[in-house]
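J.: All you need for our numbering is the position in the sequence shown, starting with 1, plus 7.
Where is the CB? At the ideal position from N, CA and C, for every residue including glycine.
This is the structure I want to talk about, given as structure tokens.
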Amino acid sequence: MTSQISRRSMLKAAGAAGVAVTAATAAPATAAGSAFAHPGLLHTQADLARMAAKVKAGAAPYTAGFARLTANRHAQSGWTPNPQATVYRGAGSPQNYTTLYNDIHAAYQNGLRHHVSGDSAYADTAVAILNAWSAKLTSLEGSADRFLAAGLYGYQFANAAELVRDHPDFDLPRFQEMLTKVFAPLSDDFLVRHNGAVVTNYWTNWDLCAMACVLATGIFCDDASQVARAIDYFKHGEGLGSLKHAIPVVYDDGLAEWLEAGRDQGHALLGVGLMGTFCEMAWNQGYDLYGYDDSRFLKGAQYVAKWGLGGEVSYTANTRAKGAIGGWSGRETASAAAGVDPAMTRPIWAMIANHYTKRRGLSASYVTRIAAKSSPEGGGGDYGPNSGGYDQLGFGTLAFTRDRVSDTGASPVPAASASAPPTSGARPQTGGTASPAGGDDLAASGSNDIVGWSAAAGITAVAGGLLLLRRRDRGVE
């Protein structure tokens with residue numbers, strides 16, 4: 008087995024007119040020369056306007072979500088950035104990546120607070136943070152964990168910057184250059200070469216954070232071929248982050264096994280959050296990946312939600328190959344879903360629950376229940392001091408609570424009228440690869456990254472309930 012994505016898979020996106028829904032082909036982009044709608048990552052202009060209006064009106068649960076935001080130490084206009092020229096993550100390097108993720112979350116939270124409150128001081132702070140980093144950062148280094156840094160912080164950086172994209176003091180070209188030269192190449196290269204390892208060596212979340220970075224930075228930088236590669240990988244990628252590898256088995260009860268449930272609860276939650284993030288960003292550009300393959304992601308999210316609430320779930324044993332190409336090798340079998348702590352939570356559920364129940368009108372009993380239990384969702388800084396507490400941008404109760412739409416069968420529409428992204432062949436990526444030393448497991452994720460999730464108050468018992476899906480023609484592929 009090789010870690011190389013086949014030329015067929017990488018080039019499938021080229022000229023794939025069916026990859027975007029018809030609604031994306033309608034009109035010119037909102038910005039001159041832009042192939043994509045902006046703002047159009049996790050939040051559209053309509054989303055931001057909804058948050059502001061609901062909070063101003065004192066509507067629940069938006070006010071509770073906004074209170075979580077304003078209470079966070081990162082969401083303050085007095086935040087001072089601490090940019091670095093080189094960021095290190097992983098053993099064997101002087102790790103300083105905590106500085107990066109804290110500043111990213113401060114930029115994002117200030118940007119979001121600006122849109123909800125209308126106070127320009129928060130936008131100014133976000134811009135100052137983002138400009139400071141784009142003026143100084145030149146590389147990401149470290150062990151294999153540098154790929155995690157590129158993926159996680161690349162997609163987050165793009166989302167923070169999208170909130171202040173039109174600010175007169177924001178240096179958009181320089182920030183795009185930083186994303187293009189520092190973050191996206193590492194993530195793109197990981198999806199092609201997997202750090203010199205066999206393709207199944209790395210668990211699902213490694214692929215997913217790289218996919219999120221490639222998609223987010225592609226949209227932010229108006230790189231249509233990059234976006235096409237990310238979406239094609241979601242559908243057809245050979246690594247464990249593509250949809251059918253991350254969710255390999257669909258059961259008769261309407262739930263679908265999440266592969267990393269055989270690893271541990273924290274990484275399974277990370278993966279669900281990352282896949283939801285990927286689907287939401289794609290949706291806002293007119294791509295329905297939430298509904299792809301008969302809403303397979305919903306079935307996987309329902310599975311993780313039921314399991315996380317303490318319910319019994321099926322698990323089909325699987326064995327994955329590990330090791331380096333031309334080097335050491337091994338195999339590992341996951342035979343059952345790992346144990347769970349029903350109090351463990353991450354701010355991932357509001358986005359998923361609101362999409363399926365409010366946009367699509369589907370039943371999502373377990374996801375709905377765990378979203379309610381996790382509400383109001385906080386963000387970075389509210390879920391423990393280590394990096395795992397910053398893997399999601401959060402604040403879903405504020406950002407993703409929505410009224411049910413009247414036409415739940417409609418195709419996704421880009422954030423604003425945008426022309427269909429032109430497609431082209433995959434461009435080869437360059438970047439360092441690392442072979443494992445001795446028998447080291449490349450899939451080990453970071454040094455001492457045991458996350459202290461904050462416990463959510465609430466019940467631990469799970470009531471019965473089956474997922475009921477109405478089949479639809481999703482209009483994709």
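(1) Along the chain, which unbroken stretches of the alpha helix (DSSP H) at least 4 residues long are found entirely within the stretch 365-407?
(2) Measure the alpha-carbon distance for S127 versus G386 and round it to whole angstroms.
(3) Under 8 Å: do the stretch 407-417 and the stretch 98-113 share three or more Cβ pairs, one atom per stretch?
(4) Taking the alpha carbon of Q116 as the point to measure from, which residue in S141, G85, W213 and H81 has its own alpha carbon closest?
(5) Here's the rule I'm using: 16 or more other beta-carbon atoms within 10 Å means buried, otherwise exposed. How should S302 be labelled?
(6) With the cut-off set at 7 Å, would you say D389 and L159 are in Cβ contact?
(7) What span of residues does the alpha helix (DSSP H) with V234 cover, start to end?
(8) Give every residue of the same chain whose Cβ lies closer than 6 Å to the Cβ of D230, excluding the five residues on either side of it in the sequence, and list them in chain order.
(9) Would you grab the beta carbon distance between G248 and D214 for me? Rounded to a whole angstrom, and I think it's under 8 Å.
(10) What does the alpha-carbon distance come out to for the pair V221 and D195?
(11) Between the Cα of R338 and the Cα atoms of Y95, P421, T87 and Y209, which residue gives the shortest distance?
(12) Could you compute how far the alpha carbon of G278 sits from the alpha carbon of A60?
(13) If you measure between the beta carbons of A357 and E384, is that distance less than 7 Å?
(14) Determine, using beta carbons only, whether F190 and G225 come nearer to each other than 7 Å.
(15) Run through DSSP, which three-state label would S336 get?
(16) Exposed or buried, what is K188 when buried is set at 16 or more other beta-carbons lying within 10 Å of its beta-carbon?
(17) Are G118 and Q292 closer than 7 Å when you measure CB to CB?
(18) Between which two residues does the alpha helix (DSSP H) carrying N117 extend?
(19) Measure the beta-carbon distance from C286 to L276 and round it to whole angstroms, keeping in mind my assumption that it falls under 8 Å.
(20) On a CA-only basis, which of F73, H50, L316 and L186 is nearest K143? Give me that one, please.
(21) Exposed or buried, which one is G395 when buried takes at least 16 other CB atoms within 10 Å?
(22) Output needed for G446: all residues of its chain with C-beta closer than 7 Å, excluding positions within five of it in sequence on either side, in chain order.
(23) Output the distance between the C-alpha atoms of G72 and V420, rounded to the nearest integer angstrom.
(24) Going by the CB atoms, is the gap between L405 and Y363 shorter than 7 Å?
(25) Whole angstroms is fine: what's the gap from R353's alpha carbon to S382's?
(26) Using only the alpha-carbon positions, how far apart do C258 and G244 sit?
(27) Can you give me the C-alpha to C-alpha distance between S431 and C228, rounded to a whole angstrom?
(28) In terms of residues, what are the limits of the alpha helix (DSSP H) holding S127?
T.: Judging by the given coordinates:
(1) 372-381 and 403-407
(2) 21 Å
(3) no
(4) H81
(5) buried
(6) no
(7) A231 to H243
(8) none
(9) 2 Å
(10) 6 Å
(11) Y209
(12) 32 Å
(13) yes
(14) no
(15) strand
(16) exposed
(17) no
(18) Y104 to S124
(19) Incorrect: roughly 16 Å between the Cβ atoms, too far for contact.
(20) L186
(21) buried
(22) Legend: pLDDT at G446 = 33, less than 50; position of this residue unreliable, value from coordinates given subsequently. Counting only Cβ-Cβ distances below 7 Å, and skipping sequence neighbours, we find W335.
(23) 26 Å
(24) no
(25) 10 Å
(26) A small correction: the amino acid at residue 258 is Tyr; Cys does not occupy that position in the sequence shown. Rounded to whole angstroms, Y258 to G244 spans 22 Å at the Cα level.
(27) Because the pLDDT at S431 is just 35, under 50, the model does not fix this residue reliably, and the point stays unresolved.
(28) S127 to S141
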